[in-house]
Amino acid sequence: MSDVWCRSCMQKSATSGRCTHCASTCLIDHPQAAKLDIAHVDCDAFYASIEKRDDPSLASVPLIIGGNDRRGVVATACYLARAFGIHSAMPMYQAKKLCPDARILPPSMSKYTREGQRLRTMMRNLTPLVEPLSIDEAFLDLTGTRRVHGGPPVQTLMRFQKAVEDEIGITVSIGLSCNKFLAKTASDLDKPRGFSILAQDEAIAFLADKPVQFIYGVGPAFARKLAAASITRIKQVQNLSVDTMAKRFGEQGWRLAHLANGLDTRKVSPVSIRKSISSETTFSKNISNLAALEKQLWRQCERASFHAKTKGVAGGTATLKLKDSYHQIISRQKPLDPPTNLADALFRTLQPSLAKEVGGRSFRLIGAGFASLCPAFGPDSGPDSGPDLEGDEWRDLLDAEAPRRAKAERAMDRARARFGQNAVQKGRAIGPVKPDPPDPPDPPDPFDI
Ligand code: DCP
Ligand code: MG
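Numbered continuously in my numbering, the sequence shown closes out at residue 473.
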């Protein structure tokens, strides 16, 4: 039986085709519309939409946000500009060729993080179970919210979508389903200003003809492995048992077998539930020298910082882990106030603890990380925190050099985002340090994003 909801008046309609209350034809018509609880919300052309909101003269202009110098890349493009074939991560010179009339603006990160924060506050007013994925998207679990919001999640989300337009002045697209994978898949189906539902029983047919890479987390390396076994379409995975996939491709195969069938048991977990982000390395030969250990510490700080920035979180606690030559583990924790995700702040906080432990002892492992995680808002919010740095002063009033170092680190992050991870090295990382083994080509958890 169909369940019809009007996106104009946000009421339940008695019939499909036209709303029985307001005659609108903009309807959500799905048999499970009022039964599903897991949503994925993603802003449409986020940076560009904020700029259009702030300058109405840009409303009908193809707009690109990104670096406009010789080696600049597109951060995002409005949907008008996308009609010319422009997309995120495209070299700017190519985008300009496709649409010479496009307006190009540099990103204003502090503005975007502010608006991202407003959006998250609005989400948290719907449910405490908000799991941010990046500056402009999050999963929401609306289970058990019917009474408090006076209606099923589908209605709550339609109201939310309208409220974001009214209060923030940008549009979002929403996917509603029974799990995270299908909700995220659904939110992409009808952008911009979309509202799509994808239920479990539709998922198999929906996914069948898609290439395996459609499933988030099937990166080039895993896709190659699958192709070597003649598996290129999701349908082929659906035809194999979970056991077979697990035997042939290990844990990745096991996950893929579930996702290919629209099955995903991961919970929506608010960021505070994630306990820590850290990175550690075991040395090929034990190290006792402080300077050599500091180099290794710096490298782990950079790696932990990179992961925290990518996930949009900051740590209120810095953690140090050492394992000595007798395999004894030493753990130290220091507060980070205010919370940060900067490698420099992490290193400076942990270095004194490291120095205290060194002296006659040799170590086989070092690790650094962030704990007491919170969403990273403010100037240290992301890997590409922007060129406008007016918020720097708040960071550390007792350390006059902190804003300068923070600025330098963000400049490096931007350069790395453009030219690759190894393009820029901070002084400490240069030297005869044995390189870490390369990251595995595909992430172990397709959704650990
Ligand atoms: N972003 C970036 N570089 C990328 C991808 C994205 O700087 N390679 C930034 C700009 C985007 C923002 O992150 O506005 C959000 O990313 P999305 O992938 O959600 O892209 P958009 O919101 O711009 O567009 P869409 O409507 O497809 O979600
Ligand atoms: Mg988006």
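Cβ coordinates follow ideal geometry from the N, Cα and C atoms, glycine included. Remember, predicted model here, so these are calculated numbers, not experimental data.
- Sequence-distant Cβ neighbours of aspartate 348 in its own chain, meaning closer than 6 Å and more than five residues away, are Arg385 and Phe387.
- Judged by DSSP in its simplified three-state form, aspartate 160 adopts coil rather than helix or strand.
- Every residue whose Cβ sits closer than 5 Å to any heavy atom of ligand 2 is listed here in chain order: Asp66, Cys67, Phe70 and Asp160.
- Sequence-distant Cβ neighbours of lysine 135 in its own chain, meaning closer than 7 Å and more than five residues away, are Ile74.
- Two segments are said to touch when three or more pairs of C-beta atoms, one from each, lie closer than 8 Å; by this definition the segment 82-93 touches the segment 117-132.
- The bridge partners DSSP lists for leucine 378 come to none.
- Residue side-chain check: proline 216 places its Cβ nearer than 7 Å to a non-hydrogen atom of ligand 1.
- Of the heavy atoms belonging to ligand 1, none sits nearer than 7 Å to the Cβ of threonine 209.
- Taking 8 Å as the cut-off, the beta carbon of serine 220 is found closer than this to the beta carbon of alanine 210.
- By the beta-carbon neighbour count (other beta carbons within 10 angstroms, threshold 16), glutamate 326 is buried.
- Across the structure, isoleucine 390 and arginine 429 are spaced so that their CA atoms are roughly 24 Å apart.
- Remark: C-beta atoms of alanine 342 and threonine 306 do not approach each other more closely than 8 Å.
- Within the same chain, and ignoring the five residues on either side of alanine 105 in sequence, the residues whose Cβ sits closer than 7 Å to its Cβ are Pro86, Leu87, Ile88, Cys123 and Ala126.
- Going by beta carbons, asparagine 365 and alanine 395 fall outside the 8 Å limit.
- The way I'd put it, the segment 328-335 does touch the segment 300-314; three or more beta-carbon pairs between them come closer than 8 Å.
- In its own chain, leaving out the 5 sequence neighbours on each side, no residue places its CB closer than 8 Å to the CB of arginine 248.
- Collapsing the DSSP output to three states places threonine 306 in a strand.
- The beta carbon of threonine 343 sits no closer than 7 Å to any heavy atom of ligand 1.
- Taken atom to atom, the span from the alpha-carbon of leucine 360 to that of isoleucine 258 is near 45 Å.
- Taking a cut-off of 8 Å on C-beta distances, the segment 213-227 touches the segment 191-199, as three or more cross pairs fall below it.
- With contact defined as three or more Cβ pairs closer than 8 Å, the segment 51-59 and the segment 147-154 are not in contact.
- Taking 7 Å as the cut-off, one finds at least one heavy atom of ligand 1 near enough to the beta carbon of alanine 99.
- Taking one beta carbon from each stretch, the segment 238-252 and the segment 267-286 have 3 or more pairs nearer than 8 Å; the two touch.
- Of the heavy atoms belonging to ligand 1, at least one sits nearer than 7 Å to the Cβ of serine 158.
- Where alanine 342 is concerned, the enclosing beta strand (DSSP E) starts and stops at 337-348.
- Per the DSSP secondary-structure output, valine 65 pairs in a beta bridge with Ala162 and Ile198.
- Per the C-alpha coordinates, the member of Ala207, Lys234 and Val178 positioned closest to leucine 222 is Ala207.
- Sorting Leu51, Ser377 and Leu82 by C-alpha distance to the C-alpha of arginine 31 places Leu51 at the top.
- In the same chain as leucine 213, and ignoring 5 residues on each side of it, the C-beta atoms closer than 8 Å to its own belong to Gly199, Ser220 and Leu222, in chain order.
- Ligand 1 has no heavy atom closer than 7 Å to the beta-carbon of serine 300.
- Glycine 277 counts as buried, since no fewer than 16 other beta carbons sit within 10 angstroms of its beta carbon.
- Shortest gap from the CB of serine 112 to any heavy atom of ligand 1: under 7 Å.
- Partner residues in a beta bridge of alanine 207, as assigned by DSSP, do not exist.
- For secondary structure counted as the beta strand (DSSP E) over 3 or more consecutive residues, the segment 37-61 holds these complete runs in sequence order: 51-53.
- 8 Å or more divides the Cβ of glutamate 433 from the Cβ of alanine 332.
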